Amino acid sequence: MSPTLPRYTRITGTGSHLPPRRVTNDDLARDLAARGIETTDQWIVERTGIRARHFAADGVACSDLSLPAAQAALAAAGRRPEDVDLIIVATSTPDMVFPATATILQAKLGITNGSPAFDLQAVCSGFIYALSVADSLIRTGAAKTALVIGAEVFSRILDFNDRTTCVLFGDGAGAVVLEASAEPGLLATELHADGRHAGILCTPGTVAGGRVIGDPTLKMDGQAVFKLAVGVLEDVARSVLAKAGRTEADIDFLIPHQANIRIMQGTAKKLKLAADKLIVTVDEHGNTSAASIPLALDAAVRAGRIRRGHRVMLEGVGGGFTWGAAFVEF
Ligand code: UT7
């Protein structure tokens, strides 16, 4: 790499936003009972670790959740919107088919410097994919100050007649500011996909001839996803550590995709990490897909748990089938 190019990309600020409506398992069980569908707080907690999730109000779009998250991350980084020269929004629930939510957000932030803004769709791995892409663009000199956001309104694509999926997901947004830096930094990232498993987690509807064709709600074979997730999360963590020239002992905190506490604890155990190194927000947020990692990261930073110098393993996994990890020094 040329000596004039930055060696590292650093996370210099984090932010997040949850829509105000908090829905507990009991609230949801009551609503589902009115439709003749049975679920319980006990089943949801035992199988997933989820106790509550947040749902956006009607009319609130992905960019509306992204805006306060981005503003909080910029404030934490001490940057103004006009300093941003790249926006990537990782989402599977964009405001509209096009234009990209990232461009809508750019306008809402008042950025008029003509810098690129685009969406990235890798479902629950989206934030890790976006982080890795932004890292590459910064380290090749194409950008200096990037906003990377994971934001979802998954409540819009849930089938509330399907108890096997509708109890699992929530809405929210998390953001980071990434900057070119001589100091670490993102130490290593790694991305993967295996499209042979596209059918186990998908929203198969599409728009054609002005109509929705197929089913526009989320479908998941939970057990198949569970089995794949458990395997790849351990493998990709080890692989990214090797790339960074580190070992499990160098991990101060683990933030896996927040989908199921059993998968998260299983991954921590395989990496021989003590329970207090695992950051958990799935209990309060549910599975917020691309937003889950930056939401958990911001919660841990604002709680004073993750501080400058800490090394954090971020791991995504989900539809596609996609997975990936980023090992980051704060
Ligand atoms: O975001 C991308 C990544 N996603 C994930 O990582 C999700 C991975 N998968 C999972 O987290 C789990 O597979 C689930 C939480 C989705 C399901 O847990 P499980 O332990 O695999 O349950 P199951 O699908 O084997 O279902 C067990 C039973 C079934 O009843 P029977 O057939 O044993 O009589 C289901 O019908 O639980 C029943 N069930 C429910 N019962 C009450 C399924 N959903 C519910 C529900 N309330 N909401």
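Going by our numbering, the sequence shown opens with residue 251, and the numbers climb by one from there. Beta carbons: idealized from backbone N, C-alpha and C, even for Gly. Source: prediction; values computed, not measured.
Any non-hydrogen atom of the ligand UT7 within 8 Å of Ala518 CB: no
Range of the contiguous beta strand (DSSP E) that encloses Leu436: 436–443
Inter-residue Cα distance where the pair is Phe348 and Asp409: 24 Å
DSSP state of Ala383 mapped onto helix, strand, coil: Before going further, note that residue 383 is Val rather than Ala in the sequence given. It is helical.
One or two residues paired with Gly265 in a DSSP bridge: Ala425
Identified DSSP bridge partners for His304: Arg272
Leu268 classed as buried or exposed, judged by whether at least 16 other C-beta atoms fall within 10 angstroms: buried
Reference Asp502; option with closest CA among Arg285, Val578, Ala423: Val578
heavy atom of the ligand UT7 below 8 Å from Ser539 C-beta: yes
Nonlocal neighbours in the same chain, by C-beta distance under 8 Å from Asp276, ignoring five residues either side: Asp291
Top-ranked residue by Cα proximity to Arg555, from Thr538, Trp573, Phe580, Ser539: Phe580
Cβ-Cβ separation, Ile543 to Leu441 (assumed contact under 8 Å), whole Å: Their Cβ separation, rounded to whole angstroms, is 14 Å, which puts Leu441 and Ile543 out of contact at 8 Å.
Test item: CB-CB of Ala540 and Ala401 under 9 Å: yes
Classification of Met251 by the beta-carbon crowding that lies within 10 angstroms, buried from 16 upward: Note that Met251 scores 49 on pLDDT, short of 50, meaning its location in the model is unreliable and no value can be drawn from it.
Reduced DSSP category for Met251 - H, G, I as helix; E, B as strand; rest coil: The predicted position of Met251 is uncertain, since its pLDDT is 49 and thus under 50; a value taken from the coordinates is nonetheless stated next. If DSSP states are grouped into helix, strand and coil, Met251 belongs with coil.
Beta strand (DSSP E) segments (min. 3 residues) lying fully within the region 327–413: 336–340, 367–370, 395–403
Exposed unless 16 or more other CB atoms sit within 10 angstroms - verdict on Ile463: exposed
Endpoints, beta strand (DSSP E) assigned at Val462: 461–463
One or two residues paired with Arg260 in a DSSP bridge: Glu429
Ile529 versus Gly459 - alpha carbon distance: 45 Å
Beta-carbon contacts of Ala384 that lie in its chain and below 8 Å, excluding the five residues immediately before and after: Thr259, Leu336, Ile338, Ala393, Ala396, Val398, Leu428
Exposed unless 16 or more other CB atoms sit within 10 angstroms - verdict on Met346: exposed
Where Glu484 falls: helix, strand or coil (DSSP): helix
6 Å Cβ shell around Thr572 - same chain, five flanking residues per side excluded: Ala372, Ser375, Ala443
Leu451: CB within 8 Å of a non-hydrogen atom of the ligand UT7: yes
For Cys416 and Arg272, the rounded distance between their alpha carbons: 15 Å
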